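2 protein chains.
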Amino acid sequence: MIAGTSAQEQAQTFITGKQYSSAMFRLFIIFLLTYQVLLSPVPNNGVFQYIDAHQDEFIQRLKDWVAIESDSSDPSKRDLVNKMMEMTKDYILKLGGSVEMAEIGEQELSSGEKIPLPPVILAELGNDKSKPTVCFYGHMDVQPAKQTDGWLTEPYTVVEKDDNLYGRGTSDDKGQVLALLHALESVNVMGLPVNVKLAIEGMEEVGSDGLEKLVEDKKDTFFSNVDYIVVTDTPWLSKKPGITYGARGNCYFFIEVQGARRDLHSGGFGGTVHEAMSDLIYLLNTLADGKGRILVPGIYEAVAPVGENETDLYKNLEFSLEEMQADTGVKQFLHDTKEDLLMHRWRYPSLSIHGIEGAFSGTGTKTVIPAKVIGKFSIRQVPNMEPSVVNKQVTDYLEAKFSERKSPNKIKVTMVIGAKPWLADMNEPQYLAARRAVKRVFNLEADMIRAGGTIPIAKTLEDVLGKSVMLLGIGGPDDAPHGQNEKISKYNYIEGTKLYASYLQELSSTSS
Amino acid sequence: MIAGTSAQEQAQTFITGKQYSSAMFRLFIIFLLTYQVLLSPVPNNGVFQYIDAHQDEFIQRLKDWVAIESDSSDPSKRDLVNKMMEMTKDYILKLGGSVEMAEIGEQELSSGEKIPLPPVILAELGNDKSKPTVCFYGHMDVQPAKQTDGWLTEPYTVVEKDDNLYGRGTSDDKGQVLALLHALESVNVMGLPVNVKLAIEGMEEVGSDGLEKLVEDKKDTFFSNVDYIVVTDTPWLSKKPGITYGARGNCYFFIEVQGARRDLHSGGFGGTVHEAMSDLIYLLNTLADGKGRILVPGIYEAVAPVGENETDLYKNLEFSLEEMQADTGVKQFLHDTKEDLLMHRWRYPSLSIHGIEGAFSGTGTKTVIPAKVIGKFSIRQVPNMEPSVVNKQVTDYLEAKFSERKSPNKIKVTMVIGAKPWLADMNEPQYLAARRAVKRVFNLEADMIRAGGTIPIAKTLEDVLGKSVMLLGIGGPDDAPHGQNEKISKYNYIEGTKLYASYLQELSSTSS
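Below, the structure is given as structure tokens:
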């Protein structure tokens, strides 16, 4: 296969270098490519052999990286996020890449204090003008995790069990970025078939602060020659590989209710004060009904109507409600059919209440009347919702509802994240390359899917750079990326590495 | 005053020993007592001098005791509660008392694990059958406290500022128990005028597990000769000393809502599942209206009607709504007059929502759909409410409300604390002794007050032992016993020590 790859590269140089002179020559090249794609036994491929041979090393690196608690939501852990960025840089340098640690300014904490945002890694491997350039995006920060949240193992120590690797970030997104980097290492043995750029950040889990501005600033420099953008931060819909062409956005809200100046004892003050917690519960209860329907007026007005053949798209997807039940333990979903459920996951907005800051949250009993409580909820965004409009709709609604209650307490509604939804054309050239790569590694047709979650960078990159964006992830559908016991299967981690490697190879046959 | 006290003791011995033989002798004794009470310059008293001279030492001991984080709500801190009990025992032994560390069984944690309850201190100082015996009750455990809850100082390091001593437990209840023990030390210099017993526990803040059974078991032994019971765990209503003759009870509830088996990501699952948090918010919102009125049917039926002259009692109390506003920062209370507000604090039930366990409670953002959440609220009990009845009313109501919602999630309502209210006759002999003691130390008439909070032991002791119970505390009205920045003023701490000393002396003139 090394010889075969060389032939392909040679042909590619001819094509992109426009050195061919006749239709005959083109036919010869097409013959060579056809021979490789159709007749090479899969996975009889030097790259695949390299990946299989280095599995243990790849898993060990994941363990080392998960051990760094790079929780971006907790400002006290900022040093660990920075350390994680440095480790990533060091490994890219080892791969032969050049790396810029781009500074992106400061984060203002709720206290008013300002701390530096972690730098964004901008890296480059290969700079051959005759080859297309693909830029991969990923992130090194993780969601918060504590064993006391209900983890069966310590979240920052990777534990291998039943062919899975458990730990915070194994799937979201350290495992996926590492699979890509390992693919680069593996393909690089024979020379990269395309130019590769990497943009890796450390604030994804809290809304990618500073990243949009960086992309704008670097539009005409680092990003100027990028042809394709691939986001490596997404799961498949099932055990079958999926390619993601859309993602919901997210508007994350805080409702702060301020009652007394300090916490009060419910014995001494219960029955005498308007309790902030009681007001907050009332407000949170006005947001959605028992069927998950959002009650904020106007929210559904901007939602794109269902297209003529749109429902058909959902019918062919590999997806089982029973497996989702087995995975989650949920006996009854809000919707009864695969099509209905997936549409509500992907193309309709949803509202979730995440928690309350400032109230008693420990085990046991505490007879406190909390003075200031902050309710946290978010509304997932779909085309054609606009976060600024949603912000106004939600704020106006909550203020009106609070005014009806006639409480002397004070409220403050803040939209702390306002990430837009994203939707691409699934027939763009890099999507076709990725579909061929799936076929090559797994001998299957890829599921074309959307993400219920938010990849704000997808929308940002598309809007700012005007280039094709694709989400090619390797997470499993049951990885629990933001929950307890996050994991990635060894299968997805290692075969996913092959998928990225094959994508690089397939992309080299796509004209830029 | 030493001579005066001796004369009083001599007279008392005669009275209680029934050695007097004529009306003349009684008159002589009354003369002696009258001389002491009316003519002795206050506080020209050896005991008071002793207390003033030992202030620094008394404050240092409070610092040492507050440093032990004896938080009974957190099973992982049980060793510290036990350590606190040991330190208390050692000091009582130093005072010349005899101490039994009474074992009271085990606590079953929510995990099913069982751990030993901290022992209860049963101590005795003096055993003169001719003198009355008073048993003081206090507790050495504290409410949870973390600096990140909003404390200006580290909660377990006493900080002196503006003549206040800040720290968790300074007022509730380490400071009050220490004032009593220091009073015993001070009075003991001249011999105790009464027999003293002490019952000091380590589980008060979580419902006094095991104590009721202990009192029942020891009814005919340790407690058999007790004449009066004083609880040293209560604040004054204002800067003026108050004596407490009633306390509300408390029924503390958990509503557990179980949704999925594990936390879910709001991107991948928002819009597809019935969220546990949404169900819990709905349930919590059904409990009370915006004016604090409890909506659970039947709750108000058992509340004792307001007596004919009851409102008059409230008119004479020293209490200022303006000071309460200044203390709490609350601009508008649920009630506009002193009488109305105090009645709702003391003689009507109230409902407070304390917090939620299992949801996101940190700073920042987390896009989680929590799998299992436990809402925590409590209803303060007043005569003639019965916790078992309230338990049924609340459980039936919440289950009916949940059934209306038609959610597939599971709920479990549990009453984890069921403490009855307590109300005494304020004209019992020891109340009169305490009123004389207030007059002696402060030259003021005591405010006769009730506690909005719960002193379950008051009810238990009264019910089981059938003896007079009184709450004689020394906490200030703004000590924030369960909130941030708990404190006791040095004035209350030191003059309160004198109050306990004087009470012991005054009680010796009350026949048992």
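Respectively, the protein sequence lines represent chains F and S.
In terms of full-length UniProt numbering, the first sequence opens at residue 1 and continues consecutively.
In terms of full-length UniProt numbering, the second sequence opens at residue 1 and continues consecutively.
We put the beta carbon where it would ideally sit given N, CA and C, even for glycine.
Everything numeric in this text was worked out from a predicted model, so none of it was measured.
Which of helix, strand or coil DSSP assigns to S:N250: Stepping through the second sequence from its first residue, residue 250 of chain S is reached at position 250. Correct three-state label for S:N250: strand.
Which runs of the alpha helix (DSSP H) at least 4 residues long sit entirely within the region 139-207 of chain S? Give them in chain order. Those alpha helix (DSSP H) runs which fall completely within the region 139-207 of chain S and span 4+ residues are 174-188.
Residue range of the beta strand (DSSP E) that includes S:E107: In the second sequence, the residue the question calls residue 107 of chain S occupies position 107. It should be noted that the sequence gives Gln, not Glu, for residue 107 of chain S. Counting along the chain, the beta strand (DSSP E) containing S:Q107 begins and ends at E106 to E108.
Proximal residues of chain S, C-beta to C-beta of F:Y348 below 8 Å: Here residue 348 of chain F refers to the residue found at position 348 when the first sequence is read from its first residue. Within 8 Å Cβ-Cβ: G271.
Out of F:I255, F:E318 and F:Q505, which one is the CA nearest neighbour of S:T363? The residue you call residue 363 of chain S lines up with position 363 of the second sequence. When the alpha-carbon of S:T363 is set against those of F:I255, F:E318 and F:Q505, the nearest one is in F:I255.
Evaluate F:Y228 with the Cβ neighbour count: other Cβ atoms within 10 Å of its Cβ, from every protein chain shown; 16 or more gives buried, anything less gives exposed. The residue you call residue 228 of chain F lines up with position 228 of the first sequence. Burial call: buried.
Applying a beta-carbon distance threshold of less than 7 Å, which residues of chain S neighbour F:R405? Translated into positions along the first sequence, residue 405 of chain F becomes position 405. For the C-beta of F:R405, the chain S residues within less than 7 Å are, from N- to C-terminus, G290.
Beta-carbon spacing of S:R380, S:L342 below 9 Å: Taking the second sequence and counting its residues from 1, the one referred to as residue 380 of chain S is at position 380. Taking the second sequence and counting its residues from 1, the one referred to as residue 342 of chain S is at position 342. No, the pair does not count as a contact, with Cβ atoms beyond the cut-off.
Between S:D79 and chain F, is any beta-carbon pair separated by less than 9 Å? Translated into the one-based positions of the second sequence, residue 79 of chain S becomes position 79. Closer than 9 Å: no.
Cα-Cα separation between F:A179 and F:K412, rounded to whole angstroms: One-based indexing of the first sequence puts residue 179 of chain F at position 179. One-based indexing of the first sequence puts residue 412 of chain F at position 412. C-alpha separation (whole angstroms): 43 Å.
Under a CB-based cut-off of 9 Å, is S:T367 close to chain F? Along the second sequence, one-based indexing puts residue 367 of chain S at 367. Yes, S:T367 lies at the interface with chain F (some Cβ there is under 9 Å from its Cβ).
Using only alpha-carbon positions, find the residue among F:D220, F:A434, F:G466 and F:V441 that is nearest to F:F48. Looking up residue 48 of chain F in the first sequence gives position 48. The candidate whose alpha carbon is nearest that of F:F48 is F:V441.
Exposed unless 16 or more other CB atoms sit within 10 angstroms - verdict on F:F28: What you label residue 28 of chain F is simply residue 28 of the first sequence in a count that begins at 1. Low confidence applies to F:F28: its pLDDT is 49, below 50, so where it sits in the model is not reliable enough to give any reading.
On the DSSP bridge assignment, give the partners of F:I243 in chain order. Reading the first sequence from its first residue, position 243 is the one you call residue 243 of chain F. Bridge partners of F:I243 according to DSSP: F:M448.
Does the Cβ-Cβ distance between F:G375 and S:R248 come in under 9 Å? Numbered from 1 along the first sequence, position 375 holds the residue referred to as residue 375 of chain F. Numbered from 1 along the second sequence, position 248 holds the residue referred to as residue 248 of chain S. Contact: no.
Can you name, in chain order, every residue of its own chain whose Cβ lies under 6 Å from the Cβ of F:K498, other than the five neighbours on each side? As a position in the first sequence, residue 498 of chain F is number 498, starting the count at 1. Counting only Cβ-Cβ distances below 6 Å, and skipping sequence neighbours, we find F48, I51 and V441.
Starting from the Cα of F:D289, find the closest Cα among S:E318, S:D463 and S:Y282 and give me that residue. Working through the first sequence from its first residue, we reach residue 289 of chain F at position 289. Checking every option, the nearest Cα to that of F:D289 belongs to S:Y282.
Within 9 Å of any Cβ in chain F, is that where the Cβ of S:T414 sits? Numbered from 1 along the second sequence, position 414 holds the residue referred to as residue 414 of chain S. Residue contact check for S:T414 against chain F: no CB pair falls below 9 Å.
What whole-angstrom Cβ distance do F:N409 and F:G259 have, given they're in contact under 8 Å? In the first sequence, residue 409 of chain F corresponds to position 409, counting from 1. In the first sequence, residue 259 of chain F corresponds to position 259, counting from 1. Contact between F:N409 and F:G259 holds: CB atoms are separated by about 5 Å, below the 8 Å threshold.
Could you check if S:L295 is buried or exposed, using at least 16 other CB atoms within 10 Å of its CB as the buried criterion? Taking the first residue of the second sequence as 1, we reach residue 295 of chain S at position 295. When all chains shown are included, S:L295 counts as exposed.
Option in S:S238, S:N195, S:T234 and S:T244 with minimal Cα separation from S:F223: As a working mapping, residue 223 of chain S is identified with position 223 in the second sequence. Nearest Cα to S:F223 within the set S:S238, S:N195, S:T234 and S:T244: S:N195.
According to DSSP, is F:I474 helix, strand or coil? The residue given as residue 474 of chain F occupies position 474 in the first sequence. Of the three classes helix, strand and coil, the one that applies to F:I474 here is coil, per DSSP.
By Cβ distance, which residues of its chain are closer than 8 Å to F:K83, with the 5 residues on each side in sequence left out? In the first sequence, residue 83 of chain F corresponds to position 83, counting from 1. Excluding the 5 residues flanking it on each side, F:K83 has same chain C-beta neighbours closer than 8 Å at I68 and S70, in chain order.
Name, please, each residue of chain F whose Cβ falls closer than 8 Å to the Cβ of S:L295. Against the second sequence, residue 295 of chain S aligns to sequence position 295. In chain order: nothing, as chain F lies at least about 11 Å away.
Positions along the region 157-178 of chain F whose CB lies within less than 7 Å of some CB in chain S: So nothing in the stretch comes that close.
Please report how far the alpha carbon of F:L95 lies from the alpha carbon of F:L184, in whole angstroms. Reading the first sequence from its first residue, position 95 is the one you call residue 95 of chain F. Reading the first sequence from its first residue, position 184 is the one you call residue 184 of chain F. If you take the alpha carbons of F:L95 and F:L184, they lie about 8 Å apart.
Please classify S:F28: does DSSP put it in a helix, a strand, or coil? Residue mapping note: residue 28 of chain S aligns to position 28 of the second sequence, counting from 1. Legend: pLDDT at S:F28 = 49, less than 50; position of this residue unreliable, value from coordinates given subsequently. Collapsing the DSSP output to three states places S:F28 in a helix.
Which residues does DSSP list as the beta-bridge partners of S:A288? As a working note, residue 288 of chain S is residue 288 in the second sequence. Paired residues: S:I294.
If the cut-off is 8 Å on Cβ atoms, which residues from the region 255-281 of chain S count as contacting chain F, listed in chain order? Under the 8 Å Cβ criterion, the region 255-281 of chain S contributes G259, A260, R261, R262, D263, L264, H265, S266, G267, G268, F269, G270, G271, T272, V273, H274, E275, M277, S278, D279 and I281.
Check whether the region 231-248 of chain F touches the region 471-487 of chain F, taking contact to mean three or more Cβ pairs, one atom from each stretch, closer than 8 Å. Contact between the region 231-248 of chain F and the region 471-487 of chain F is present: 3 or more CB-CB pairs across the two stretches fall below 8 Å.
Under 9 Å (Cβ pairs) to chain S, residues found in the region 320-334 of chain F: M324, D327, T328, G329, V330, K331, Q332, F333 and L334: these are the residues of the region 320-334 of chain F whose beta carbon lies less than 9 Å from some beta carbon of chain S, given in chain order.
Distance between S:F58 and S:D64 (C-alpha atoms, nearest Å): Taking the second sequence and counting its residues from 1, the one referred to as residue 64 of chain S is at position 64. Taking the second sequence and counting its residues from 1, the one referred to as residue 58 of chain S is at position 58. C-alpha separation (whole angstroms): 10 Å.
For F:A359, return the contacting residues in chain S, with the cut-off set at a CB-CB distance below 9 Å. Numbered from 1 along the first sequence, position 359 holds the residue referred to as residue 359 of chain F. Ordered by position in chain S, the residues that pass the 9 Å Cβ test against F:A359 are I353, H354, G355, I356, S361 and K376.
Just tell me which of S:L125, S:L211 and S:N164 has its CA closest to the CA of S:L461. Working through the second sequence from its first residue, we reach residue 461 of chain S at position 461. Nearest C-alpha to S:L461: S:L211.
Within its chain, find whatever has a CB closer than 6 Å to the CB of S:S502; leave out the 5 residues flanking it on each side and keep chain order. For this step, residue 502 of chain S is matched to residue 502 along the second sequence. So the list reads A437, R440 and V441, once near-sequence residues are dropped.
In this structure, does DSSP put S:Y228 in helix, strand or coil? Along the second sequence, one-based indexing puts residue 228 of chain S at 228. Residue state for S:Y228 is assigned as strand, using DSSP reduced to three classes.
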